[in-house]
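Right, one structure below, let's go through it.
Residue numbers (this note's numbering), protein chains in the order written: chain G, 1 to 370; chain Y, 1001 to 1644.
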């Protein structure tokens, strides 16, 4: 893909119409033209700006991974399975309330709650499910509001458009909780700060979630609506393999769907994603296979390390080492995603030299394709 | 009494052509006038309405032209003289009734005025209605001057009664809307009594007002035309000016007569070129034409739109004993006269000069060039657009956004009204079909039945409120009956706005200004069993959401009424804007915004200006009507509306 920054029309052609859009929301909300609607990014009118921030921040336009890595970690992109790491841990919340509503170990809610309490941030941008379980972006500014956002419905949500809507003169310090494509876009924004927009320096903490794929919010929501009484649903879950099911819990009941039925709604763009563990976050959080009620946590930056340390000290988190077999499995899964995505990209572009948006050193490419 | 009703016989008034026609109808003693507004015919009814009560006749804006003609015929059948007026497209709507009416004959004098629009300055086509007179065997007169417009109309009623046939007056924009002296005649003072006498004088067992027995009536119709032709042979509306033996004979009529006169004068050819001016256009006065054909071997037909005289006179010549050498005809077929559009003296000069091998320069080439440059030098570029504050701009903004958000390549089928401007930037290029009144809804019916061919583009038909009553109701009913998948959006601005805010059945006011029962379009649609939503187009968010919901549905039609009074009507009544609108220069980020001048570049209300000096948007206070809609589109919230 071309390395030049182009306009919104090219974004439409090269990314959105090409099936590469992840619905991260980085292009939306910053202008009156690009908006997200029912799982799509829509261009409402033509815009004559030839080099758009919409194109620039898109995680599926050309991305120089070394430059991003330099920005976040001060080192070139390693190409390791889990990206740049300080520590890989296993944690769970000690807070009963959080544990009750949490997807796994409640680590994300606990860390954000702590960051708020300690005055490290003023709010956190994350995804919230409405009563009918449609995902939307939400700015949580209290522990109660954070608790409302706990849990996942696995649907893509244009989280970053909320950032684009923050007024330029806002001094609110923020955490962002996001999935890998969104964090890649956010890293592009940090690398080339938006002009005449919010101060991206106010994003103080980036919490990444593990992600193998996300579901199309429109198609999947229609499916859920057809099969469930959505306001009654309390939690969705994809238990670790070999269960191969998608579960929806109500207060009294549980409905299971074969995972293959759900995979029909995976965003097509997810096939081209190399990142399973949100490699450019301060901390990345996921589940632990086979150990219920715990999170896998990858600590990547000093800020991430400080926060975990504080949580541990204040007794907010129980922290343990991740069993070696779990770590090995995590690495294996992450590497597999990279390899698979690279093959998909080459199939799509039809040219081994054209990796669409991926700007990687040739040695890393060779290693992954080997 | 003022206006066209002034009772001052012998005095001279300055009338536009349409007023002259109205005056002619008054002098003929009409008891009823009906019309549907349409440029350039509207002012005929507009000038009759103010004098109707005082002069004891009835005038109405009818729901459409067919009904207007039927209304006039009803009066005629009961012995009351009646006039109906419409634009050329309107005659198409009335055509079915007209084609049958002409068979039966009439009661009292009945005149149909069709105002044609050469060059289609205010129309969707430039149909030449003279052809309809020939097609249906109707006598047709065409005035060349304002005096004639008055005199011919008056005489048309006598003629109509003498022939027992409806008579047509054909006028064109340059007669209808230009102004000239008219010397007035007497206004009749006698009382009229209406009585419907249905007995057919020929076959007493049959009703009089039916087109039956058709074949026999057809032969009678031809006899009527023969009689008309005889009368026309000596009509004072036809005359010749020029030498007894001419190098060139121009045959013309209507406004083209004036162009011809001017052209001959400019070329100083009064002694070489003769002009036969015809006012009785159909049937043509055969003997009169034959007589004048002898004046020259070269004949030039000067007429607008179709080669009507040209064809008809050639037919006539074919019936004459053969002459050697035969005439040479010049006109549209030879390429000397435009085969389309309006004429002007210059074009006629060019035709004559070409035939007579003359050189003529109306003005020096250098001057012409300068004159052509002037509009681009001293005038700011302007596009055809909606008025500031027009609800249609907001409606099409919501339509555009809804169709884009829906993402299935939906589109708008439209028809005739101010909103036709949505074919261009004023309505964000949303209207993709536009034909005649009600056609948007009709065409949508067909598109909405293509699901079996994989068609899933949303179809959104628009029509105005007056158009809804005029022609869209049958299309909506058809859609319900046949379960066609489309959304009908009625742009209800409570007026027939484009032609000058005439009332219509939904307004609760009659043409003569009396309060009446308003036809509730919402209740009407609901009674048909369709879902009806009513939106204020100025509420962009709700309008967009409502439209999105409507177009997302499947099955038969659903109706969204976009209800907001025409800003020109509101402004005239309220005399003050609802809001005072200004741009906060601290909030407007100009080029740095990233909005790429959404307000002035895309939304395009003429009340907004891009100030290139400050690099920011501003409001032009002399143009802004204070609707405040733009405040909702500015991404920075920099456009401030304060209640007045």
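Glycine included, every Cβ here is placed at the ideal spot set by N, Cα and C.
{"Query": "Among 88(G), 41(G), 188(G), 282(G), nearest to residue 288(G) - alpha-carbon criterion", "Result": "88(G)"}
{"Query": "Euclidean distance between Cα positions of residue 1410(Y) and residue 1428(Y)", "Result": "14 Å"}
{"Query": "C-beta atoms of residue 65(G) and residue 321(G) nearer than 8 Å", "Result": "no"}
{"Query": "Reference residue 1600(Y); option with closest CA among 1109(Y), 1639(Y), 1273(Y), 1052(Y)", "Result": "1639(Y)"}
{"Query": "Three-state class that DSSP yields for residue 1528(Y) in the structure shown", "Result": "coil"}
{"Query": "Cα-Cα separation between residue 1364(Y) and residue 1373(Y), rounded to whole angstroms", "Result": "15 Å"}
{"Query": "Members of the stretch 1544-1562 of chain Y near chain G, C-beta cut-off 7 Å", "Result": "none"}
{"Query": "Test: residue 203(G) CB closer than 8 Å to a CB of chain Y", "Result": "no"}
{"Query": "Option in 109(G), 118(G), 131(G) with minimal Cα separation from residue 125(G)", "Result": "109(G)"}
{"Query": "Check whether residue 1528(Y) and residue 1477(Y) have beta carbons under 8 Å apart", "Result": "yes"}
{"Query": "Beta-carbon proximity check, residue 1387(Y) vs residue 1129(Y), cutoff 8 Å", "Result": "no"}
{"Query": "Chain G contact for residue 1401(Y) (CB, 8 Å cutoff)", "Result": "yes"}
{"Query": "Best match in 1018(Y), 1052(Y), 1434(Y) for proximity to residue 1512(Y) [C-alpha to C-alpha]", "Result": "1052(Y)"}
{"Query": "Local conformation of residue 214(G) per DSSP, three classes", "Result": "coil"}
{"Query": "Same chain only: Cβ atoms within 7 Å of residue 338(G), ignoring 5 sequence neighbours per side", "Result": "274, 368"}
{"Query": "Under 8 Å (Cβ pairs) to chain G, residues found in the stretch 1587-1598 of chain Y", "Result": "1589, 1592, 1593, 1594, 1595, 1596, 1598"}
{"Query": "Three-state secondary structure assigned by DSSP to residue 104(G)", "Result": "coil"}
{"Query": "Runs of beta strand (DSSP E) lying entirely within the stretch 1213-1271 of chain Y, each at least 3 residues, in chain order", "Result": "1239-1241, 1248-1253"}
{"Query": "Partner residues on chain G for residue 1405(Y), Cβ-Cβ distance less than 7 Å", "Result": "37, 42"}
{"Query": "Residue 352(G) classed as buried or exposed, judged by whether at least 16 other C-beta atoms fall within 10 angstroms", "Result": "exposed"}
{"Query": "Residue 197(G), DSSP secondary structure in three states", "Result": "coil"}
{"Query": "Under 9 Å by beta carbon: chain G residues contacting residue 1633(Y)", "Result": "32"}
{"Query": "Minimum Cβ-Cβ distance from residue 381(G) to chain Y less than 8 Å", "Result": "Examination of residue 381(G) is not possible in this model, given that chain G is present from 1 through 370 alone."}
{"Query": "N-terminal and C-terminal residue of the beta strand (DSSP E) that residue 1463(Y) is part of", "Result": "1459-1464"}
{"Query": "Cβ contact (3+ pairs, closer than 8 Å) linking the stretch 118-136 of chain G and the stretch 173-186 of chain G", "Result": "yes"}
{"Query": "Interface residues of the stretch 1333-1348 of chain Y facing chain G [CB-CB below 8 Å]", "Result": "none"}
{"Query": "Minimum C-alpha distance to residue 21(G) - residue among 227(G), 61(G), 198(G)", "Result": "61(G)"}
{"Query": "Beta-bridge partners of residue 1616(Y), as assigned by DSSP", "Result": "1611(Y)"}
{"Query": "Whole-number beta carbon distance between residue 1603(Y) and residue 1566(Y), since they are thought to touch under 8 Å", "Result": "That belief does not hold up - the Cβ atoms of residue 1566(Y) and residue 1603(Y) are roughly 19 Å apart, past 8 Å."}
{"Query": "Length of the line joining the Cα atoms of residue 348(G) and residue 355(G)", "Result": "9 Å"}
{"Query": "Interfacial residues, the stretch 1597-1611 of chain Y to chain G, with Cβ spacing under 9 Å", "Result": "1597, 1598, 1601, 1602"}
{"Query": "Residue-chain proximity (residue 196(G), chain Y), Cβ-Cβ < 8 Å", "Result": "yes"}
{"Query": "Unbroken stretches of the beta strand (DSSP E), 3 residues or longer, contained in the stretch 249-312 of chain G", "Result": "254-258, 283-287, 295-299"}
{"Query": "is_contact[residue 200(G), chain Y] using C-beta, thresh 8 Å", "Result": "no"}
{"Query": "Pick from 346(G), 332(G), 299(G) that is closest to residue 111(G), judged by C-alpha positions", "Result": "299(G)"}
{"Query": "Reduced DSSP secondary structure (H/G/I, E/B, other) of residue 141(G)", "Result": "coil"}
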